[in-house]
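So the protein lines, in turn, are chains A and B.
Those letters in the first sequence? Residues 1 to 297, per the numbering used here, in order.
Those letters in the second sequence? Residues 1001 to 1311, per the numbering used here, in order.
Written out below as structure tokens is the structure these notes cover.
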Amino acid sequence: MRGSRQQQITEIAIWVAGILVVGGAVGYGVHHLGKTAWFNADLWFSAVVVIAMAAAVFYYIRRIKRDPETIYVRRIPGVDAIEEAVGRSTEMGRPVLYVTGVEETQNIQTVASLLILGHVAEMIAEYDTDIKVANAYPLTMVLAEEIVRQGYANVGRSDAHRPENVMFITPEQFAFAAGVNGLILRERPATNIFLGRFFAESLMLAETGYVTRAIQIGGTAEITQLPFFVAACDYAILGEELYAVSAYLSREPQLLAQLKSTDLIKGLVIILIVAGALSATFSSLFGGFDLAAWLVP
Amino acid sequence: MVKKQLPLLLGSIAGILVVADLFVPQGWLAATSDRLFEWGQILAAAALVLGGINLMQVNYPKIRRREEDWPYKVVLLVSAAAMFLVGIPWHEIGGARSPGEVVVERGGAAGQAMLRIEAARPDAVVKIDGGAVPIDGKMIGRASRDGHPLEIALAPGKHKVQVAMTASGYGVLDAEFDVAAGQVAVAHAALPMDWGKEGRVRTWAYDHVFSPCNATMFALLAFFIASAAFRAFRARNTEAALLLGAAIIVLLGRAPIGTLINRNLPDITNWIIDWPNNAGRRAIIMGAALGAIVTGLRVLLGMERQHVGGE
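Structure (structure tokens):
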């Protein structure tokens, strides 16, 4: 077992209690002092969450650096499958298709997808296979091209990079779907990786990929599209997993700390949900303090 | 070193300023944040040029080498070039053209004021005083009837006339005039055809070529859903069987036949959607929101370096 389990639980409990106490004190103070020119008091709880997450990230970075064995990251089959799928593409002599979603670079899911693309590009370069990257926006294409170029450079294969493999298709949703479907049917990629924000075109892409018998890995945090990826892809990366992939692939302490901090805040959220439900119930029965109304005015 | 550290530093500063703007209600911060967003838009516009170049780089060599399906790429490039050309507001070059004017002349029946429409395009439509003066009993009338210009009697005084095409992409004559008894107001409606984003050719191509293609793609979704559902709803294990069961109940509960089979089916459907489904959705949304915050933080704090080439 990694480290002392009891010590870990104690440390986490101290942090949870500390965040609750400090956050509560800050929130209470700001809420009751009213709006100041330097802080939007209506957003005090959001600020506490962001600060708590940043604190948790720094705490876990320190802990992981001190004792790397303490961290346990559960396996994500969809991510493990990426390397296997890239290997399959190499064996079949067919390219890997990577789609960065249909949103602009301002969208955090597109950012997450581009971060993962860096790791995938390194893998592709190592395996000496080909990658086709389809982008819906020119700015995403420019970033993707640079990321893929760096990925190849990182493994000393700059010569193998072909800029024309990173493509701008179109920002129009169904025209993009038609373009990528055409690409799938013509190029017959052995692996299709759809990571980012998708809408109705998700199923069109994944079903076309199914027809070509490609291994498909689909991931999005867009809740309405998750069922489509689950139904049509071989591996689905669900919701928050999309944001964890880059950390999972890099295995860097700084990034793995992110996963642990998310878990810690999830624990806090669970406590708040239970406390909020109890508070709302008692408040409606007997009147008085309502935690939810206090947290989010 | 500078190649990686400088973009990280600039990204962190810009990101922290924009996030701070959310929490700190200071005017200078809001102005800085707006300015950063403007710069972002300029960068996106510059990237559009690179997108166009990429389109050429990817497709032209395939046409030259006569690769598989090369004629489609010709269609793509020609269409893109055509839409680019018709998207330029040519009509604004050398000054904006007038959509026409209203000239008041002597004439018409004695003691009566008249309005005559002389439209360059006979299928233009006319609205007088916002529809307050009816044309053949209707709010809107045609500018021409049986090849003759529309003539209508008006009460002396100030009036407003609008002459426009029903299709978009043409100039609109929208003018006020003052006509007295024994005078006729002649509306010379040139209604010139516009170019550019809202121009006639571009809107026609969009409405008559692009939109039907778009609708066709969207319509295909029904078949994709049927095909995916057929595979997904196979009871291979307990979870899949539960999924199948829930799907059948929801499907029947949402269809009129569901009530005929069992009148409680819509209530069961609503329960599945409102409780177990909603709980699952919220859990995923919450996890994704936290993941998004941390991803943003690690990019802002420079921990994530993959976008600048990793370590």
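Every residue, glycine too, gets a C-beta built ideally from N, C-alpha and C.
Taking the alpha-carbon of Lys1158 (chain B) as reference, which of B:Arg1035, B:Leu1022 and B:Ala1175 has the nearest alpha-carbon? Here residue 1158 (chain B) corresponds to residue number 158 of the second sequence, with the count starting at 1. Cα-wise, what sits closest to Lys1158 (chain B) is B:Ala1175.
Sufficient close CB pairs (3 or more, under 8 angstroms) joining the stretch 105-115 of chain A to the stretch 1265-1284 of chain B: Under the 8 angstroms Cβ criterion, the stretch 105-115 of chain A does not count as touching the stretch 1265-1284 of chain B, having fewer than three qualifying pairs.
Assigned secondary structure, Glu240 (chain A) (DSSP; H/G/I helix, E/B strand, else coil): Within the first sequence, numbered from 1, the residue matching residue 240 (chain A) stands at position 240. In this structure, Glu240 (chain A) counts as coil in the three-state DSSP scheme.
Residues of chain A with CB under 9 angstroms from Asn1277 (chain B), in chain order? Sequence index remark: in the second sequence, residue 1277 (chain B) carries index 277 (1-based). Taking the beta carbon of Asn1277 (chain B) as reference, no residue of chain A falls within 9 angstroms; the closest one sits roughly 11 angstroms away.
Near-chain B residues of the stretch 245-265 of chain A - C-beta to any C-beta below 7 angstroms: Residues Ser246, Gln254, Leu255, Gln258, Ser261, Thr262 and Ile265.
Unbroken stretches of the alpha helix (DSSP H), 4 residues or longer, contained in the stretch 57-127 of chain A: Taken in chain order, the whole alpha helix (DSSP H) runs of length 4 or more contained in the stretch 57-127 of chain A are 77-92 and 108-127.
Given a cut-off of 9 angstroms on the beta-carbon distance, is the pair Ala1247 (chain B) and Ile223 (chain A) in contact? Start at 1 with the first residue of the second sequence, and residue 1247 (chain B) comes out as number 247. Start at 1 with the first residue of the first sequence, and residue 223 (chain A) comes out as number 223. Against a cut-off of 9 angstroms, the Cβ pair of Ile223 (chain A) and Ala1247 (chain B) comes out as no contact.
Flag this pair as yes or no: are the beta carbons of Ile193 (chain A) and Leu97 (chain A) separated by less than 9 angstroms? Locating residue 193 (chain A) in the first sequence gives position 193, where the first residue counts as 1. Locating residue 97 (chain A) in the first sequence gives position 97, where the first residue counts as 1. It is a contact, given that the beta carbons lie within the stated cut-off.
Closest to Ile1016 (chain B) by CA distance: which of B:Gly1296, B:Gln1041 and B:Phe1230 is it? For this step, residue 1016 (chain B) is matched to residue 16 along the second sequence. Nearest C-alpha to Ile1016 (chain B): B:Gly1296.
For the ligand ADP, I want to know if Val142 (chain A) counts as a neighbour, meaning its beta carbon is within less than 8 angstroms of at least one of the ligand's heavy atoms. Ligands are entirely absent from the displayed structure, and the ligand ADP is therefore not among its contents.
How should Gln1005 (chain B) be labelled, buried or exposed, when 16 other C-beta atoms within 10 angstroms of its C-beta is the threshold for buried? Within the second sequence, the letter at position 5 stands for residue 1005 (chain B). Gln1005 (chain B) is classed as exposed because its beta carbon has fewer than 16 other beta carbons within 10 Å across all chains shown.
In angstroms with no decimal places, state the Cα-to-Cα distance between Gln225 (chain A) and Pro1149 (chain B). On the first sequence, residue 225 (chain A) is found 225 positions in, with the first residue counted as 1. On the second sequence, residue 1149 (chain B) is found 149 positions in, with the first residue counted as 1. Whole-angstrom Cα-Cα distance: 57 angstroms.
Cβ closer than 8 angstroms: which chain B residues qualify as neighbours of Ala200 (chain A)? On the first sequence, position 200 is the one that residue 200 (chain A) refers to. Within chain B, the residues near Ala200 (chain A) are Phe1218 and Leu1221.
Can you give the Cα-Cα distance for Arg1202 (chain B) and Ile147 (chain A), rounded to whole angstroms? Residue 1202 (chain B) sits at position 202 when you count from the first residue of the second sequence. Residue 147 (chain A) sits at position 147 when you count from the first residue of the first sequence. Just so you know, the alpha carbons of Arg1202 (chain B) and Ile147 (chain A) end up roughly 36 angstroms apart.
Is the shortest distance between the beta-carbon of Ala1229 (chain B) and the beta-carbons of chain A less than 9 angstroms? The residue labelled residue 1229 (chain B) in the question sits at position 229 within the second sequence. True, the Cβ-Cβ gap to chain A drops below 9 angstroms.
Say whether the stretch 173-184 of chain A touches the stretch 70-81 of chain A, bearing in mind that this needs 3 or more beta-carbon pairs closer than 8 angstroms, one atom from each stretch. Verdict: no, contact absent.
Looking at the C-beta of Trp38 (chain A), does it have a partner C-beta in chain B at a distance below 9 angstroms? Position 38 of the first sequence, counting from 1, holds the residue named residue 38 (chain A). Trp38 (chain A) counts as touching chain B.
At the level of alpha carbons, what is the spacing between Asp1178 (chain B) and Leu1220 (chain B)? Along the second sequence, read from residue 1 onward, the residue named residue 1178 (chain B) stands at position 178. Along the second sequence, read from residue 1 onward, the residue named residue 1220 (chain B) stands at position 220. Spanning the two alpha carbons is a distance of roughly 57 angstroms.
Answer yes or no: does any C-beta atom of chain B fall closer than 9 angstroms to that of Pro163 (chain A)? By 1-based counting over the first sequence, the position of residue 163 (chain A) is 163. Interface criterion met: the Cβ of Pro163 (chain A) is under 9 angstroms from a Cβ in chain B.
Just the Cα atoms here: how many angstroms apart are Asn40 (chain A) and Val1019 (chain B)? In the first sequence, the residue the question calls residue 40 (chain A) occupies position 40. In the second sequence, the residue the question calls residue 1019 (chain B) occupies position 19. The straight-line gap from Cα to Cα measures roughly 12 angstroms.
Taking 9 angstroms as the threshold (C-beta atoms), are Leu1076 (chain B) and Asn1054 (chain B) in contact? Against the second sequence, residue 1054 (chain B) aligns to sequence position 54. Against the second sequence, residue 1076 (chain B) aligns to sequence position 76. Cβ distance not < 9 angstroms, so Asn1054 (chain B) and Leu1076 (chain B) don't count as in contact.
When the Cβ atoms of the stretch 87-96 of chain A are set against those of the stretch 45-62 of chain A, are three or more pairs found closer than 8 angstroms? Between the stretch 87-96 of chain A and the stretch 45-62 of chain A there are fewer than three C-beta pairs closer than 8 angstroms, too few to call the two in contact.
At what residue ranges does the stretch 1009-1034 of chain B contain a whole run of the beta strand (DSSP E), taking only runs of 3 or more? With a minimum length of 3 residues, no continuous beta strand (DSSP E) run stays inside the stretch 1009-1034 of chain B.
Cβ shell of Ile265 (chain A) (< 6 angstroms), same chain only, five flanking positions each side left out: Along the first sequence, one-based indexing puts residue 265 (chain A) at 265. Within the same chain, Ile265 (chain A) has close Cβ partners Met53.
Rounded to whole angstroms, what is the Cα-Cα separation between Arg1236 (chain B) and Leu272 (chain A)? Here the question's residue 1236 (chain B) lines up with position 236 in the second sequence. Here the question's residue 272 (chain A) lines up with position 272 in the first sequence. Rounded to the nearest angstrom, the two C-alpha atoms are 38 angstroms apart.
Alpha carbons only, please: which of B:Gln1162, B:Trp1195, B:Glu1092 and B:Cys1213 is nearest the one belonging to Phe176 (chain A)? Against the first sequence, residue 176 (chain A) aligns to sequence position 176. Nearest to Phe176 (chain A) by alpha-carbon distance, out of B:Gln1162, B:Trp1195, B:Glu1092 and B:Cys1213, is B:Cys1213.
Length of the line joining the Cα atoms of Val245 (chain A) and Phe1084 (chain B): For this step, residue 245 (chain A) is matched to residue 245 along the first sequence. For this step, residue 1084 (chain B) is matched to residue 84 along the second sequence. The straight-line gap separating the alpha-carbon atoms of Val245 (chain A) and Phe1084 (chain B) is approximately 39 angstroms.
Within 10 Å of its beta-carbon, does Asn135 (chain A) have 16 or more other beta-carbons around it, so buried, or fewer, so exposed? Translated into positions along the first sequence, residue 135 (chain A) becomes position 135. Around the beta carbon of Asn135 (chain A), 16 or more other beta carbons sit within 10 angstroms, so the residue counts as buried.
With 9 angstroms set as the bound, which would you pick, yes or no: does the beta-carbon of Pro1061 (chain B) sit closer than that to a beta-carbon of chain A? The count along the second sequence starts at 1 and reaches residue 1061 (chain B) at position 61. Using a Cβ-Cβ cut-off of 9 angstroms, Pro1061 (chain B) counts as an interface residue toward chain A, since at least one Cβ of chain A sits closer than that to its own.
C-beta contact flag for Gln1183 (chain B) and Ala1153 (chain B) at 9 angstroms: In the second sequence, counting from the first residue as 1, residue 1183 (chain B) sits at position 183. In the second sequence, counting from the first residue as 1, residue 1153 (chain B) sits at position 153. For Gln1183 (chain B) and Ala1153 (chain B), no; Cβs fall outside 9 angstroms.
Would you call the stretch 1185-1200 of chain B and the stretch 138-154 of chain A touching, i.e. three or more CB-CB distances under 8 angstroms? No: fewer than three Cβ pairs fall under 8 angstroms.
Expressed to the nearest angstrom, what Euclidean distance is found between the alpha-carbon atoms of Gly3 (chain A) and Pro68 (chain A)? By 1-based counting over the first sequence, the position of residue 3 (chain A) is 3. By 1-based counting over the first sequence, the position of residue 68 (chain A) is 68. Since pLDDT at Gly3 (chain A) reaches only 49, below the 50 mark, its modelled position is unreliable, and the value read off the structure follows with that caveat. Straight-line spacing of the CA atoms in Gly3 (chain A) and Pro68 (chain A) works out to 10 angstroms.
Does Ile223 (chain A) have its Cβ less than 9 angstroms from a Cβ in chain B? For the purposes of this step, residue 223 (chain A) is identified with residue 223 of the first sequence, where counting begins at 1. Interface residue, yes.
Starting from Ile64 (chain A), find everything on chain B with Cβ-Cβ shorter than 8 angstroms and list it in chain order. As a working note, residue 64 (chain A) is residue 64 in the first sequence. One finds nothing in chain B with a Cβ atom closer than 8 angstroms to the Cβ of Ile64 (chain A); even the nearest lies about 12 angstroms away.
Contacts that Leu1043 (chain B) makes with chain A (C-beta to C-beta distance below 8 angstroms): Taking the first residue of the second sequence as position 1, residue 1043 (chain B) is located at position 43. Near Leu1043 (chain B) (Cβ distances below 8 angstroms), the residues of chain A are Leu139.
Cutting at 8 angstroms between CB atoms, please list the residues of its own chain near Ala1014 (chain B), excluding the five before and the five after it. The residue labelled residue 1014 (chain B) in the question sits at position 14 within the second sequence. Counting only Cβ-Cβ distances below 8 angstroms, and skipping sequence neighbours, we find Leu1036.
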